[in-house]
Amino acid sequence: MTTATLSELDHARDVALDRSGWGRRFVFYQPRNFAFWAYLLLVGIGFLAFISTLAREYDAYGEAIGLAVWSFAIYAALFWWFTQHIDHYAKLPAKLMVVAFLWGGFAATAAMAANANDAILSLDGKTFGQVWALNWGPGLAAPFTEEWAKGSGLLLLIALAPRQVRTAFDGFILGAFIGLGFQIVEDISYAMTSAGTQFGANQVGASIGVIVLRMVSGVAAHVLYSAIFCAGLVYLLGRPAEPRNVGRGLLLIAIPMLLHGTWDSLGAIAGPSALKLIGLLIATIVVAIAILVRVYKLTVKREQDFVRDVMAPEEARNVITAAELYAMAGNRKARKAYRKANRTRRERKRARYVLNAAYALAEELAAARGGDTDQVRFARSEVARIRAGVPSQW
Amino acid sequence: MPDPETDVASVAPPPKFEPDERWVPADERWFGLDRRTVRPTLAVFALAFVMSVVLPVVDATVPYHDIVKAGDVLELEGDVTFVPEAGWGITSGLRAGQAPLSGEYPATATVEDGAMKLTVRTGQFHGDANRLLDQIETTSEALNHGRGVHVTGTPTTIVTDQGKQGARVRVTGPHTAGIIAAFVFGGRGVEAVATGPSDAGAEPAATVMRMIRSISQTGEGKQ
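Residue numbers (the numbering used here), protein chains in the order written: chain A, 1 to 394; chain B, 1001 to 1223.
Following this line, the structure appears as structure tokens:
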């Protein structure tokens, strides 16, 4: 490897870090940013509306509310872990994900979509009759009101964090968190409603079915819709690291709206047959997940390239091997193949630790904007220590 | 095996300067704000305004006319039906024989005539009518927190045209009076809440009672 090549690699790393925004700090308090005030206002209104509903109904449905809040808190934590698990690459700041979650939970629900849904369903009933409104109202209203209420949050997030939200994959991840917030608050509201279906008696029995159903079906609901929608929104708008692709953007915006509309109309499409309903439910979930995986693979490619560009100089300087670089910038299969290439279980375990230490080094390099800081040098020494099998002194 | 101590990591260029996250370029400032954030924010505000103000206002201005004709029967979940008074308006609920495609009728139906209003609601319930009435009172008190209508007087018996015995109790509130009636058909409870102005005459009250007495369950009727 020549010096010139190393310089080129270092330059490519700088470009990758600059374009991806990886490692940049996110500051929420931005009084000179108009989006900051809009975010505060709309999330604040939604939060007050949600809390006042909770407080008003707590005395009557306390048991069901307690059960729902705890169940969905655990559910949210699992989803959070999973989303972190699939994002090995140029990670977004955790604070930004919290901001996305809160938008979905409070602004998109109580401050926006809930008002619009009620009005549209009521207008449907007045215009086309109650039967038509019950059959098709939710399926035609929610894809527009809920998807756009959630998706509009990404516009504010881009305005709040233009240096961090750079790719369609960033939109995908932030969309998932917006959807998660929406899903959790909506599920708690559904559990509260179901608690009253037996006149307030047997609250736990009345709401547990809804909670379980919402958890199972939630896998292919708001989290998925918003992840795809927001990836599409980034393609539609274009970002410094993601060239505008209007066709792809519109397609990815339309797909979750169509999935959402289909999901909300399943009862009407299936008719009174429970078997048909279950079949359609499963089919919709399978199709939705297949599309999600496809969009993930489509969007993650650019992030993998960033990892490769950031870590290539480390490979050139022999901090990591070519196989490790390939595994780091590859998918789950590539990482698995890298581990399996080792013969013994101990070696495979060590390979996994080396890879984790290399990812930690990438994070430090990103935070240092490619510089050679104490943290970066320490992260490099950790890769070497684990590779050598030396126990940590810390 | 690569040696991390070899080669020179310090060859990597030093970190480039990046301005503070809150910094706004001088040519992008507008009344102290970052002008680049104005357009996307206004777009979101516009969407929120349409969803939270425009649509509800449009809905409020569109009148709703679904007037009960003689012979109409409203059906609720669990084969529960009642006969609304001709000339009253149906604000929610479906006529018998007009089920949605899912086959499931909604659990609630409401009919109104001026300030008079009757809402019938069904749900699973295990117990008799008196227990259901107690449960309704408990839940209503907890939800109302002492505001709105509250139960006055002691429960009395009410019998439907079908011969089903239920329980009823008077409710009063600010300028409002009415009754709550409860019936249990097998494992299905039915709650009927009628409210109107406290100075409403005897005729509206008789109309409401006629509608409440018409409550039946198809299965029970056949027995």
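Here a beta-carbon is modelled for each residue, glycine too, at the ideal position from N, C-alpha and C. Since the model is a prediction, treat every value here as computed from it, not as a measurement.
Which class does L1094(B) belong to by DSSP, given the choice of helix, strand or coil? strand
Distance check for L280(A) and L266(A), CA to CA, integer angstroms please. 7 Å
Under 7 Å by beta carbon: chain A residues contacting A1048(B): Chain A residues near A1048(B): L42, A111, M112.
Among I282(A), P313(A), E324(A), A329(A), which residue has its Cα nearest to the Cα of K301(A)? A329(A)
Distance check for P256(A) and T1172(B), CA to CA, integer angstroms please. 49 Å
Would DSSP call Q1162(B) helix, strand or coil? coil
Where does M1201(B) fall in DSSP's three states? In the sequence as presented, Met is not what sits at residue 1201(B); that position holds Gly. Here G1201(B) sits in coil by DSSP.
Residues that DSSP places opposite H1150(B) in a beta bridge: T1172(B)
Interface residues of the region 127-149 of chain A facing chain B [CB-CB below 7 Å]: Q130, V131, L134, N135, T145, W148, A149
Taking 7 Å as the threshold (beta carbon to beta carbon), is S152(A) in contact with chain B? yes
Indicate the three-state DSSP secondary structure (helix, strand or coil) for P1113(B) in the structure shown. Pro is not the amino acid found at residue 1113(B); the sequence shown has Asp there. Three-state result, D1113(B): strand.
Determine whether the Cβ of G267(A) lies closer than 7 Å to any Cβ atom of chain B. yes
If we define contact as Cβ-Cβ less than 7 Å, is F1125(B) a contact residue for chain A? yes
Taking DSSP as the reference, what is the three-state secondary structure of I1067(B)? strand
Under 7 Å Cβ-Cβ, which residues of chain B neighbour L155(A)? P1040, A1043, V1044
Comparing alpha-carbon positions, which option in S194(A), W263(A), F28(A), A76(A) lies nearest A220(A)? W263(A)
Interface partners of T197(A) on chain B, CB under 8 Å: A1107, G1123, Q1124
Beta-carbon contacts of G1093(B) that lie in its chain and below 6 Å, excluding the five residues immediately before and after: L1074, A1109
Reduced DSSP secondary structure (H/G/I, E/B, other) of L1033(B): strand
Q1162(B) versus S1214(B) - alpha carbon distance: Taking the CA atoms as reference points, Q1162(B) sits about 7 Å from S1214(B).
Taking C-alpha atoms, which residue in P272(A), S152(A), I291(A), L259(A) lies nearest to A108(A)? S152(A)
Cβ of A206(A) versus every heavy atom of the ligand MN: is any distance shorter than 6 Å? The ligand content of the structure shown is nil, which means the ligand MN is not present either.
Any chance the region 305-316 of chain A sits against the region 339-348 of chain A, with 3 or more Cβ pairs inside 8 Å? no
Looking at the unbroken alpha helix (DSSP H) that takes in E324(A), where does it start and where does it end? Where E324(A) is concerned, the enclosing alpha helix (DSSP H) stretches over 322-328.
What does the alpha-carbon distance come out to for the pair K276(A) and A270(A)? 6 Å
Can you give me the C-alpha to C-alpha distance between E242(A) and L41(A), rounded to a whole angstrom? If you draw a straight line from the Cα of E242(A) to the Cα of L41(A), it comes to about 30 Å.
Taking all protein chains shown into account, decide if D1003(B) is buried (16 or more other Cβ within 10 angstroms of its Cβ) or exposed. Residue placement at D1003(B) is poorly supported in this model, since its pLDDT is 43, which falls under 50; the coordinates still yield a value, given next. Per the 10 Å Cβ criterion, exposed.
Residue from F229(A), A327(A), S189(A), A77(A) whose Cα sits closest to the Cα of V210(A): S189(A)
Which chain B residues are close to G200(A), counting only those with a beta carbon under 7 Å from its beta carbon? Q1135, T1138, T1139
Chain A contacts from the region 1022-1033 of chain B (Cβ-Cβ distance under 7 Å): R1022, V1024, G1032, L1033
When the cut-off is 7 Å and only beta carbons count, does G1089(B) lie next to chain C? Of the protein chains in the structure, A and B, none is chain C.
Using a beta-carbon distance cut-off of less than 9 Å, what residues from the region 25-37 of chain A approach chain B? R25, F26, V27, Y29, Q30, P31, R32, N33, F34, A35, F36, W37
Helix, strand or coil, according to DSSP, for P143(A) in the structure here? helix
Do you know offhand how far P1174(B)'s Cα is from V1058(B)'s? 30 Å
Determine whether the beta carbon atoms of G1087(B) and E1112(B) lie at a separation below 7 Å. no
Check the C-beta distance from V1149(B) over to T1176(B) and give it rounded, since I have them as a contact under 8 Å. 6 Å
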